[in-house]
Each structure stands twice: as C-alpha cells, then as structure tokens.
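Chemist:
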Amino acid sequence: MKSQRPLFWLLTGLALVLVLLVLGLRVGSYTTSYSFILNTFRHYDPADPAQLVLVQLRLPRLLLALLAGASLAVSGYLLQTLVTNPLADPYLLGTASGASLGAIASYVLVPSLTVMGVYLPPVAALAGAFGATLLVVALGTRRGRILPAPLLLAGVAVGALASAVGSLLTFLASPEGSLRSVVFWAFGSFERAGWSVLPYPTAALAISLVVLAFMQKDLNLLLLGEERAAALGLPVARRRWLLVGLAAGLTGGVVALCGPVGFVGLLVPHLTRGLLGTTGRLNLLFCAVLGGGFLLACDLLARLLYPPAGLPVGLVTALFGVPFFVYLLRKTT
Amino acid sequence: MRFLLLLLPLAWLASCQSDSKPAAPVVVHDGLGRALTLPAHPRRVLALAPSMTEMLYAVADTATIVARCPQDNFPATVLSKPVVNNYPLDMERLVTMKPDVVFTVEGITSVDDAKRLQDLGIPVYYMRFRKVEDVFTGLEELGRLLGREAQGHRVADSLRQRLKLLASPPAHENTNLPKVLAITWQDPIYCYGQNTLFTDEIDLAGGRNAVTETFPQPYPALTREYILKLNPDVLLGGSFEKLDSTFFKNYPELKRIKAYQTRRVFAITGNLMERPGPRVVESVRELQGLLRSQTNVMSSAAETFRVPK
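Printed below as a string of structure tokens:
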C-alpha cells in the first residue's frame with residue numbers, strides 16, 4: 001500500500017509546522033501580535049522585555065519541541081524497522097527509564113542540583129540514557145550481532161530495573177520539592193529550552209537524516225527479515241549497529257533535555273506508514289516533519305489549556321494521541 | 001445565711017462531681033465543613049502538621065499532646081514526644097497513640113486517610129487558613145474544642161495586639177508597594193500563589209504578592225516568561241549569593257527582573273513562612289524587616305552609583 005502523493009503530504013506537513021510555529025510564537029504571558037513578531041525579527045531589541053521573551057524564550061522552546069518531536073519520531077521509525085515490531089518505540093532501548101533514573105538521582109541526591117557550576121539534571125539524564133542503552137545493547141547482542149528479540153526483552157528488563165530504582169529513590173526522597181521535580185520531569189516539558197541547548201539535538205537529527213537518506217533502501221530490506229535481507233546482499237549486522245547508534249543518539253539528547261515525552265515515537269511512525277506506505281522514499285523526512293508538528297501542536301495545546309506553566313506535554317501527547325491512535329488502529333484493522 | 005454558707009462548699013463538691021463524669025460528646029463542623037463528633041474535653045490529642053502542633057502547644061495542656069510528626073521542631077520540647085509519620089500516614093502507630101481527636105491542616109492529610117481514621121473511631125479535625133486572622137480564630141476554635149477557651153482567646157488576642165503594633169499602615173498607602181515573588185522550588189519554578197496565606201502576610205508587612213492572578217493550585221508553577229512579565233521588586237527564596245549561583249545561573253534571562261538588578265533577593269526562615277501557626281506574627285515581622293532593609297539597600301545602592309569612578 002503505497003500512497004501516490006508523498007510529496008503532497010510532505011508539503012502539507014511542512015505548511016502545518018510553519019503555521020504552528022507562528023501560532024506558538026503568539027501564545028504566552030506577554031500579548032504579542034503578528035506585526036509585533038514580524039517587527040521583532042526585523043529589528044530585534046533585547047532591551048524590550050516582550051521582544052526578549054519572544055526571541056530568547058518562546059522561539060527556542062518551539063524549536064526544541066520541533067526537534068524533539070522529529071527526533072523521537074525518526075528514532076521510533078528506526079527501531080520499529082530494526083525489530084520489525086509495531087510496538088517498538090524510541091524508549092525500547094531503555095533510554096527513557098535510564099534517563100529518568102539519572103534525573104531522579106540528581107533531584108533526590110543533590111538538592112543544590114549544581115555541581116562545580118554545572119546544572120546536573122540534564123547531564124545525569126544523558127548519562128543514565130546512554131548507560132541504560134549500552135546495557136540493553138550488550139544484553140541483546142550475541143557475538144557482535146544485535147538480535148531483535150533479546151534486544152526487546154533486555155529493553156523491558158533494564159527499563160523495569162531502572163524504573164524500580166528510580167521509584168525507590170523517589171519514595172525515599174524527603175524534601176517535598178524533589179518529588180514535584182521528579183513528577184514534573186517524568187511527564188516531559190520544554191520549559192527549560194534555551195538557545196544554548198539546541199545545537200545537540202539539531203546536530204543529532206541532521207546527521208541522522210543525512211545518513212539515513214542514503215539508507216532508505218536498506219531500511220526497506222531490513223523489513224523483509226534477517227535472512228532475506230542478507231540473501232539480497234545487505235550487511236545486516238552492521239546496519240543494525242548503525243540504526244541502534246542513531247536511535248540512541250537521537251533519543252538520549254531529547255530525553256535529557258525534555259524528559260521522556262511519550263507516545264510521539266510510537267504514533268507518528270505508524271501514521272507515516274499509513275499515509276505514505278511502508279516503503280516510501282520520503283517516509284523518514286515526513287516522519288520527522290510530522291513528529292515535530294505533533295509535539296508543537298501538543299505544546300501549544302498544553303500552554304493554552306493550563307496557563308501559565310502549561311500542562312506537562314507528555315500528558316497532552318497521551319490524552320490526545322491515544323484516542324487518535326486507537327481510531328487509526330480500528331480503521332486499519 | 002450561715003446555712004447558705006455551709007451549702008456553698010457542698011454545691012462546689014457537687015459541681016466537681018458532675019465535672020468528673022464524662023461530658024456528652026459534641027458535634028462540631030471543621031474547616032472543611034465536615035461534621036464530627038468529639039469528646040467534650042479531649043484528653044489525648046495530636047497534630048499531623050507542624051503548624052498545628054505549634055498551635056496545640058500554644059493552647060492545649062502540653063501533657064495531652066501524645067505525639068508529633070517528623071517535621072515538628074518547635075517548640076523544642078516537642079522533640080521529646082513520640083513520632084507518628086504523617087506522610088505516608090502511619091495509621092497503625094497513630095491508632096496505638098489512642099488520640100481522642102487528630103488535628104490537621106487542609107492539604108496536608110488526605111481526606112481519604114481522614115475517613116479511614118474516622119471509621120476507626122478517631123475524628124480528624126481540619127483547619128483552613130487563608131488570612132492571618134484565620135490563624136487567630138483557629139487558635140480560639142482550638143481553645144473551645146479542648147475546653148481551654150480562655151487560653152485560646154488569650155493567645156489569639158495577644159497575637160492580634162502584637163500584629164497591630166507591627167503592621168502600622170504605611171504612610172503612602174497603595175502607592176508603589178513592592179511586588180514580592182516568593183519561590184518555593186527552582187526546577188520547575190513554584191511560588192506562593194495568590195490564594196495562600198503569604199498574600200495576606202506580605203500585605204500586612206507592607207508589600208504585595210507579585211502573583212495577582214489566582215490559579216487553581218495554591219503553589220503554581222511559573223514560566224520564565226511569566227516571571228519576566230511580573231518583574232517583581234523583591235524575590236524571596238534564598239540569599240542573593242545563593243540564588244545568583246543557582247537560580248539565576250540556570251535562568252540567566254531572569255537577571256533582568258528588578259529584584260536581581262537591585263539585589264533585593266532574600267532568604268526567609270522556611271519554617272516560619274510555611275507554618276500558619278502562632279509564629280505567624282513573627283513571619284510578618286521578618287517580611288517587614290526584609291522589605292524595610294531593601295529600601296535601605298536601594299538608597300545605599302543609589303548612593304554608590306552616584307560616586308564617580
């Protein structure tokens with residue numbers, strides 16, 4: 001089932017993202033009109049607090065949401081392809097639970113949250129994410145080959161263990177504030193966005209998309225299963241390592257910066273395949289655009305529904321994503 | 001007449017006798033409007049919130065306070081009492097203390113836990129404080145419930161008097177009262193909202209809560225953008241040096257707020273502000289002191305700027 005109009009969908013997705021970006025720029029504590037936004041980008045004056053807010057707070061927040069959505073969606077797409085399992089999502093490699101454990105540990109064990117001038121939670125979350133991923137990959141590997149089934153099970157096991165340790169730390173946490181931080185972090189948020197944190201997810205996404213642009217055919221072959229892909233000349237083991245590496249890089253950074261935003265990595269790849277077919281050439285690009293647009297929309301909704309801080313974005317992705325997902329599921333089956 | 005005089009001690013004895021009989025339980029309504037049946041003179045009481053424990057110590061016979069919660073540290077004598085965990089609630093330990101009534105504050109003890117305790121025959125009395133005056137009426141209420149009405153009134157009246165002496169209305173009322181933002185947590189940024197006791201305390205101290213919108217939650221999470229818009233004159237939540245190396249380092253955009261620019265960033269005694277108890281007047285005094293010292297800092301800062309390099 002291959003859609004006849006992949007380019008149409010891609011352009012529609014891009015237009016949607018643009019509209020959401022503009023709408024997102026208008027929503028906040030300061031009232032900002034379209035002409036004000038335009039004027040700000042023409043002659044930026046950091047002395048005006050409303051302009052500063054627009055450029056230093058709102059825009060990076062929107063870009064982080066866009067990058068996070070795109071990264072998680074692409075990562076989910078890669079992992080669903082790798083393990084040929086529709087239930088796979090970016091957190092299959094234990095990234096989310098590892099990152100959560102890192103963040104919880106920093107909130108609970110280091111109340112000042114700053115060590116030698118470094119703000120700890122995102123660093124600890126990144127370390128936790130990569131630590132858990134390495135463990136899962138080590139457990140899911142036999143003689144240098146990544147095996148999908150053990151990888152899936154190792155992901156579940158490591159995830160459960162990290163969650164349990166995280167819950168234990170949370171339970172033992174004495175200051176009430178730490179609990180709030182942990183809960184807030186667990187749902188995901190873009191509130192801490194700033195220009196300084198954007199380079200990492202941008203680089204990870206750009207590198208991944210460029211590498212994957214040359215691998216679209218290989219991804220389609222992997223879907224046929226290991227033996228048939230190998231018979232068709234694909235170096236399956238090497239490709240799997242590459243995919244795991246890219247998925248871990250894409251997910252780890254996003255989780256460290258935004259918390260484990262759920263559902264986007266599961267929903268968007270399915271939606272992509274539903275609209276563009278299983279093996280479309282523009283699938284990954286569309287998946288990135290759609291994922292970015294989806295999180296932008298969810299963040300906008302979160303801020304509109306519950307000002308000023310907004311609902312945690314992970315709640316919105318689940319509350320609005322799940323019914324839509326179920327609808328799609330019913331329709332396709 | 002003599003006969004009458006002879007009768008007096010007898011009458012007194014008779015009244016003592018009737019006192020020693022257990023008085024009939026009374027039905028009261030607590031701060032949440034829940035109907036409760038309490039013994040007329042509770043002999044064993046405990047509180048599940050540090051502020052309530054402080055109130056009990058101010059009004060009750062201290063020998064009737066049978067336990068404390070882990071956070072209790074004032075007055076110091078409270079530390080000798082056995083501990084009952086309040087979060088999560090140690091139901092078994094609480095029951096073994098056999099209290100006649102348990103006092104708590106809205107939001108501290110879950111209504112579900114209160115219901116379970118009530119099913120076990122232990123009434124839970126909630127209090128709710130929106131204004132400083134609510135604390136005083138709470139003390140009087142406590143006096144009535146514990147059969148120490150006079151003590152309740154005495155404490156409340158003395159606090160009212162102290163507050164009156166303290167909170168003389170500012171000469172230039174309603175003009176340029178400093179906007180004060182009090183944060184309770186840095187990541188995410190939580191603060192004292194409009195519907196907390198802080199709003200009244202800071203009013204009495206000669207300032208106003210920077211958060212003027214009322215949010216559903218008493219301690220709302222704020223965005224950096226929202227704080228920039230508030231542009232508070234004073235920030236409470238830690239000393240300037242401490243927040244400069246943590247809060248303002250993580251959120252450098254917030255260095256633009258007036259409070260940072262004029263270094264009006266202060267630490268407050270946590271257990272004073274957080275506890276709506278008999279030390280509430282002390283808390284107002286502390287806030288007043290900080291607001292007054294900021295004026296001094298402002299004028300001295302202004303003078304410093306005038307000195308040519």
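Top line first, the protein sequences correspond to chains A and B. Everything in the first sequence is counted per full-length UniProt numbering, starting at 1 for the first residue and increasing by one. Everything in the second sequence is counted per full-length UniProt numbering, starting at 1 for the first residue and increasing by one. C-beta: ideal position from N, C-alpha, C; glycine also.
Should the segment 255-264 of chain A be regarded as contacting the segment 181-198 of chain A, the criterion being three or more beta carbon pairs within less than 8 Å?
Modeler: Contact holds: three or more Cβ-Cβ distances are below 8 Å.
Chemist: Hey, residue 156/B and residue 139/B: beta-carbon distance below 9 Å or not?
Modeler: Between residue 156/B and residue 139/B, the CB-CB gap stays under 9 Å.
Chemist: Are any of the Cβ atoms in chain B nearer than 9 Å to that of residue 114/A?
Modeler: yes
Chemist: Given that residue 28/A touches chain B, what residues does it touch there, using C-beta distances under 9 Å?
Modeler: 223, 225, 226 and 229
Chemist: Using beta-carbon positions only, say whether residue 223/B and residue 189/B come within less than 9 Å of one another.
Modeler: yes
Chemist: Check whether the Cβ atoms of residue 101/A and residue 165/A lie closer than 9 Å to each other.
Modeler: yes
Chemist: Three Cβ pairs or more, each shorter than 8 Å: is that satisfied between the segment 97-115 of chain A and the segment 57-69 of chain A?
Modeler: Contact fails: fewer than three Cβ-Cβ distances are below 8 Å.
Chemist: Along the chain, where does the alpha helix (DSSP H) containing residue 81/A start, and where does it finish?
Modeler: 59-83
Chemist: Measuring only the C-alpha atoms, how far is residue 137/A from residue 251/A?
Modeler: 15 Å
Chemist: Does the Cβ-Cβ distance between residue 21/A and residue 296/A come in under 9 Å?
Modeler: yes
Chemist: Is the CB of residue 309/A under 9 Å away from at least one CB in chain B?
Modeler: yes
Chemist: Whose C-alpha, out of 280/A, 79/A and 314/A, is nearest the C-alpha of residue 247/A?
Modeler: 79/A
Chemist: Using the Cα positions of residue 313/A and residue 292/A, report the straight-line distance between them to the nearest angstrom.
Modeler: 13 Å
Chemist: Since residue 269/A contacts residue 71/A with CB under 8 Å, what's their CB separation in whole angstroms?
Modeler: 13 Å between Cβ atoms; not a contact.
Chemist: Would residue 169/A pass as a contact of residue 108/A if the rule is Cβ separation under 9 Å?
Modeler: A contact, by the Cβ cut-off of 9 Å.
Chemist: Going by DSSP in three states, residue 208/B sits in which element: helix, strand or coil?
Modeler: strand
Chemist: At a Cβ cut of 9 Å, what residues of the segment 170-200 of chain B count as close to chain A, listed as they run along the chain?
Modeler: 184, 185, 186, 187, 188, 189 and 190
Chemist: When the Cα atoms are used, what is the spatial distance from residue 122/B to residue 111/B?
Modeler: For the pair residue 122/B and residue 111/B, the Cα-to-Cα distance works out to about 13 Å.
Chemist: Return the Cβ separation of residue 30/A and residue 50/A in integer angstroms, given the expectation that the two are a contact with Cβ distance under 8 Å.
Modeler: 4 Å
Chemist: Using a cut-off of 9 Å between C-beta atoms, extract the partners of residue 53/A located in chain B.
Modeler: Near residue 53/A (Cβ distances below 9 Å), the residues of chain B are 224, 225, 228, 229 and 253.
Chemist: If contact is defined by three or more beta carbon pairs under 8 Å, each pair taking one atom from either stretch, is the segment 276-286 of chain A in contact with the segment 118-130 of chain A?
Modeler: no
Chemist: Shorter than 8 Å, the distance from the beta carbon of residue 171/A to the closest heavy atom of the ligand NAD, or not?
Modeler: The ligand NAD is absent from the structure shown, which contains no ligands of any kind.
Chemist: Taking contact to mean at least 3 C-beta pairs separated by less than 8 Å, is the segment 116-132 of chain B in contact with the segment 196-216 of chain B?
Modeler: Because the criterion of three Cβ pairs below 8 Å is met, the segment 116-132 of chain B and the segment 196-216 of chain B touch.
Chemist: Closest to residue 289/A by C-alpha separation, out of 46/A, 63/A and 48/A, would be which residue?
Modeler: 63/A
Chemist: Please list the segments of the alpha helix (DSSP H) lying wholly inside the segment 199-251 of chain A, counting only runs of 4 or more residues, in order along the chain.
Modeler: 199-213, 216-222 and 226-231
Chemist: So is residue 246/B in contact with chain A if we call contact Cβ pairs under 9 Å?
Modeler: For residue 246/B, the closest Cβ of chain A is nearer than 9 Å.
Chemist: Run through DSSP, which three-state label would residue 114/A get?
Modeler: Reduced to three states, the DSSP call for residue 114/A is strand.
Chemist: Pull the bridge partners of residue 124/A from the DSSP assignment, please.
Modeler: Paired residue(s): none; residue 124/A is not in a bridge.
Chemist: Any C-beta of chain B sitting closer than 9 Å to the C-beta of residue 117/A?
Modeler: yes
Chemist: Along the chain, where does the beta strand (DSSP E) that runs through residue 179/B open and close?
Modeler: 179-185
Chemist: Cβ of residue 40/B within 9 Å of Cβ of residue 26/B?
Modeler: yes
Chemist: Look at the Cβ atom of residue 233/B, then the Cβ atom of residue 258/B, and state whether they are nearer than 9 Å.
Modeler: Closer than 9 Å, so yes.
Chemist: Looking at chain B, is there any beta carbon in it that lies within less than 9 Å of the beta carbon of residue 191/A?
Modeler: yes
Chemist: Let me confirm a value: residue 305/B is counted as buried when at least 16 other C-beta atoms fall within 10 Å, else exposed. Which label applies?
Modeler: Low confidence applies to residue 305/B: its pLDDT is 37, below 50, so where it sits in the model is not reliable, and the reading given next is rough at best. Exposed, by the Cβ-count rule.
Chemist: Among all the DSSP beta bridges, which residues are the ones paired with residue 221/B?
Modeler: Residue 221/B is bridged to 190/B.
Chemist: Just verifying my parser: in three-state terms, what is the DSSP assignment at residue 306/A?
Modeler: coil
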